[in-house]
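These notes concern the structure reproduced below.
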Amino acid sequence: MSASQIWTTTRFDLDLAERPLVMGIVNVTPDSFSDGGQHNDAVRAINFCERLLGEGVDILDLGGESTRPGAPKVTAEEEWKRLEPVVRAALSLGIPVSVDTCKAEVMRRALDLGVDIINDVQALRDAGAEALVAAHGSVGLCLMHMRGDPASMQQQTQYTDVVDEVRDFLQARLNRMLSLGVARQRITLDPGYGFAKTVEQNTELQRRQHELLALGCPLLVGWSRKSTLGALTGRAVDERLPASLSAALASVARGARVVRVHDVAATVDALKVWQAFGGPLNTGA
Ligand SMILES: Nc1nc2ncc(COP(=O)(O)OP(=O)(O)O)nc2c(=O)[nH]1
6 MSASQIWTTT
16 RFDLDLAERP
26 LVMGIVNVTP
36 DSFSDGGQHN
46 DAVRAINFCE
56 RLLGEGVDIL
66 DLGGESTRPG
76 APKVTAEEEW
86 KRLEPVVRAA
96 LSLGIPVSVD
106 TCKAEVMRRA
116 LDLGVDIIND
126 VQALRDAGAE
136 ALVAAHGSVG
146 LCLMHMRGDP
156 ASMQQQTQYT
166 DVVDEVRDFL
176 QARLNRMLSL
186 GVARQRITLD
196 PGYGFAKTVE
206 QNTELQRRQH
216 ELLALGCPLL
226 VGWSRKSTLG
236 ALTGRAVDER
246 LPASLSAALA
256 SVARGARVVR
266 VHDVAATVDA
276 LKVWQAFGGP
286 LNTGA
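Residue numbers (our numbering): 6 to 290.
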């Protein structure tokens with residue numbers, strides 16, 4: 006069953022997905038950490054969406070503000086000005102469209118246009134975001150772990166046990182949204198690789214990622230091109246495709262159901278081979 010079929014029938018019930026899904030990153034920003042400026046206007050971003058469709062993407066994730074460490078804040082007006090034409094065009098492509106935003110105002114405008122998923126790296130902590138999403142009964146959600154904001158998060162890496170504390174955070178956010186009536190099958194959870202975590206903490210979280218499966222929601226992960234992969238390989242941000250593919254497969258082997266990536270075609274190929282070779286899903290190994 007394709008991602009679109011899952012969406013039309015069950016609205017983001019990933020338990021029906023027969024394989025890990027590929028979420029393609031479309032950053033309509035001048036300053037994203039790896040592709041900033043490449044799709045920074047509506048025409049180029051829309052063309053990129055169409056290219057990703059041809060490469061086999063399952064979900065488009067549209068972002069209008071960088072979340073890299075130290076990224077400057079963008080107003081809701083500016084963020085939506087960047088996103089609106091791309092959202093409108095992406096919605097006409099017939100595959101699920103996600104908007105990557107922390108702002109309730111941007112969420113509202115995206116939901117009014119009919120986007121399928123809200124992907125919030127701050128797990129709906131903006132005023133009004135919880136109620137807004139809960140009121141939209143069919144929208145899919147990704148709740149991610151981070152601390153602080155892009156300006157402060159890398160100063161907040163003090164954990165007793167990073168995996169336990171990420172799990173406890175996600176459990177609390179999940180419980181909150183369930184208490185507001187959001188159906189569990191609409192929710193994915195994300196450990197937030199690269200957010201308020203050191204290289205060692207990111208790798209520890211990966212090694213024990215399967216422990217997050219106890220939360221009972223599909224995991225969405227985003228390793229693509231991130232600085233931990235650079236630290237492990239010595240590769241610059243534009244040389245991290247092999248590392249990104251390896252990290253995506255490692256995450257899938259430990260239970261991830263959606264991988265959020267820049268390089269869709271390569272990831273689709275890697276997952277095809279992994280699946281053909283009997284790659285188990287959610288092994289927890
Ligand atoms: N759910 C989820 N969303 C995310 N959004 C942005 C980034 C950062 O990557 P990118 O969008 O490429 O960079 P930037 O934030 O600089 O635009 N990572 C994640 C992630 O790991 N998980």
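We put the CB at the ideal spot given by N, CA and C, even for glycine.
Determine the extent of the alpha helix (DSSP H) in which Ser232 is found, giving its start and end residues.
In the sequence shown, the residue the question calls residue 232 occupies position 227. 232-238 is the extent of the alpha helix (DSSP H) around Ser232.
Once the 5 residues before and after Ala139 are set aside, which same chain residues still bring their CB inside 8 Å of it?
Counting from 1 along the sequence shown, the entry for residue 139 is found at position 134. Hits under 8 Å: Met182, Leu185, Gly186, Val187.
Please state if the CB of Ser249 and the CB of Arg230 are separated by a distance shorter than 7 Å.
If you number the sequence shown from 1, residue 230 lands on position 225. If you number the sequence shown from 1, residue 249 lands on position 244. The criterion of a C-beta distance shorter than 7 Å is satisfied by Arg230 and Ser249.
Limits of the unbroken beta strand (DSSP E) element including Thr72:
For the purposes of this step, residue 72 is identified with residue 67 of the sequence shown, where counting begins at 1. Segment: none, Thr72 is in no beta strand (DSSP E) and carries neither H nor E.
Counting only the same chain and skipping the five closest in sequence on each side, list residues whose C-beta sits under 8 Å from that of Ala95.
By 1-based counting over the sequence shown, the position of residue 95 is 90. In chain order, Val31, Ile51, Cys54, Leu65, Leu67, Val102 place their CB closer than 8 Å to the CB of Ala95, counting only its own chain and leaving out the 5 sequence neighbours on each side.
The beta strand (DSSP E) with Cys54 in it runs from where to where?
Within the sequence shown, residue 54 is the residue found at index 49, counting from 1. Unbroken run through Cys54 is the alpha helix (DSSP H), 47-60; no beta strand (DSSP E).
Where Glu23 and Ala128 are concerned, what is the direct C-alpha to C-alpha distance, given to the nearest angstrom?
The sequence position of residue 23 within the sequence shown is 18, counting from 1. The sequence position of residue 128 within the sequence shown is 123, counting from 1. Pairing Glu23 with Ala128, the inter-Cα distance amounts to about 27 Å.
Since Leu148 and Leu175 should fall inside the 8 Å C-beta cutoff, what is the C-beta to C-beta distance between them, to a whole number of angstroms?
As a first step, residue 148 is located in the sequence shown; it is residue number 143 there, counting from the start. As a first step, residue 175 is located in the sequence shown; it is residue number 170 there, counting from the start. Beta-carbon to beta-carbon, Leu148 and Leu175 are separated by about 6 Å, close enough to satisfy the 8 Å threshold.
Bridge partners for Met149 per DSSP, in chain order?
Start at 1 with the first residue of the sequence shown, and residue 149 comes out as number 144. BP columns for Met149 point to Asp195.
Taking the straight line between their C-alpha atoms, what separation do you get for Trp279 and Ser256?
By 1-based counting over the sequence shown, the position of residue 279 is 274. By 1-based counting over the sequence shown, the position of residue 256 is 251. So the two alpha carbons sit approximately 12 Å from each other.
Could you check whether Gly119 and Leu88 sit closer than 7 Å to each other, using their CB atoms as the reference points?
Taking the sequence shown and counting its residues from 1, one reaches residue 88 at position 83. Taking the sequence shown and counting its residues from 1, one reaches residue 119 at position 114. In this structure, Gly119 does not lie closer than 7 Å to Leu88 by Cβ.
Give every residue of the same chain whose Cβ lies closer than 8 Å to the Cβ of Gln161, excluding the five residues on either side of it in the sequence, and list them in chain order.
As a working note, residue 161 is residue 156 in the sequence shown. For Gln161, same chain residues with a beta-carbon under 8 Å away, outside a window of 5 residues either side, are Arg152, Gly153, Ala201 in chain order.
Between the Cα of Arg132 and the Cα atoms of Leu220, Ala109, Val126, Asn124, which residue gives the shortest distance?
One-based indexing of the sequence shown puts residue 132 at position 127. Before going on, a small fix: residue 132 reads as Ala here, not Arg. For the residues Leu220, Ala109, Val126, Asn124, the minimum Cα distance to Ala132 belongs to Ala109.
Identify whether Asn287 lies in helix, strand or coil by the three-state DSSP scheme.
If you number the sequence shown from 1, residue 287 lands on position 282. Bear in mind that a pLDDT of 48 at Asn287, under 50, signals an unreliable position, so the model cannot answer this.
Using a Cβ cut-off of 7 Å (strictly closer), state whether Ser256 contacts chain D.
Looking at the structure shown, chain D is missing, and only one protein chain is on hand.
My output table needs one value for Leu210: the three-state DSSP class, helix, strand or coil.
By 1-based counting over the sequence shown, the position of residue 210 is 205. The answer is helix: DSSP assigns Leu210 an H, G or I state.
Beta-carbon within less than 8 Å of Leu210's beta-carbon, same chain only, minus the 5 sequence neighbours each way: which residues are those?
Indexing the sequence shown from 1 puts residue 210 at position 205. Closer than 8 Å at the Cβ level, and outside the excluded window around Leu210, lie Val167, Val168, Val171, Pro196, Tyr198, Lys202.
For ligand 1, any of its heavy atoms closer than 6 Å to the Cβ of Met149?
As a first step, residue 149 is located in the sequence shown; it is residue number 144 there, counting from the start. Under cutoff, so the answer is yes.
Could you check whether the region 261-275 touches the region 215-234, counting it as contact only if at least three pairs of C-beta atoms, one from each stretch, sit closer than 8 Å?
Yes, they touch.
Judging by CA-CA distance, which residue of Ala270, Asn124, Arg130, Asp274 is the nearest neighbour of Leu57?
Working through the sequence shown from its first residue, we reach residue 57 at position 52. That would be Ala270, whose Cα lies nearest to the Cα of Leu57.
Beta-carbon within less than 6 Å of Arg114's beta-carbon, same chain only, minus the 5 sequence neighbours each way: which residues are those?
Counted from its first residue, the sequence shown places residue 114 at position 109. If we look at Arg114 and ignore the five residues flanking it on each side, its Cβ neighbours are Trp85.
Note down the Cα distance separating Glu244 from Met28, rounded to an integer number of angstroms.
Along the sequence shown, read from residue 1 onward, the residue named residue 244 stands at position 239. Along the sequence shown, read from residue 1 onward, the residue named residue 28 stands at position 23. About 20 Å.
Tell me the rounded alpha-carbon separation between Pro247 and Asp63.
On the sequence shown, residue 247 is found 242 positions in, with the first residue counted as 1. On the sequence shown, residue 63 is found 58 positions in, with the first residue counted as 1. Taking the straight line joining both Cα atoms gives about 21 Å.
Within the continuous beta strand (DSSP E) that includes Asp125, where are the two ends?
Position 120 of the sequence shown, counted from the start, is the residue given in the question as residue 125. Per DSSP, the continuous beta strand (DSSP E) segment holding Asp125 begins and ends at 122-125.
Closest to Asp268 by C-alpha separation, out of Val242, Gly283, Phe282, would be which residue?
Counted from its first residue, the sequence shown places residue 268 at position 263. It is Val242.
Beta-ladder partner(s) of Ala261, from DSSP:
Against the sequence shown, residue 261 aligns to sequence position 256. According to DSSP, Ala261 bridges with Leu224.
Where does the unbroken beta strand (DSSP E) through Met28 begin, and where does it stop?
Taking the sequence shown and counting its residues from 1, the one referred to as residue 28 is at position 23. Segment 26-32, the beta strand (DSSP E) holding Met28.
Sequence-distant residues of its chain with Cβ nearer than 7 Å to Asn287 (five each side left out)
Along the sequence shown, one-based indexing puts residue 287 at 282. Any reading at Asn287 is ruled out, since the residue's pLDDT is 48, under 50, leaving its predicted position unreliable.
Beta-carbon separation of Gly145 and Arg191 under 7 Å?
Here residue 145 corresponds to residue number 140 of the sequence shown, with the count starting at 1. Here residue 191 corresponds to residue number 186 of the sequence shown, with the count starting at 1. Yes, these two residues count as a Cβ contact at 7 Å.
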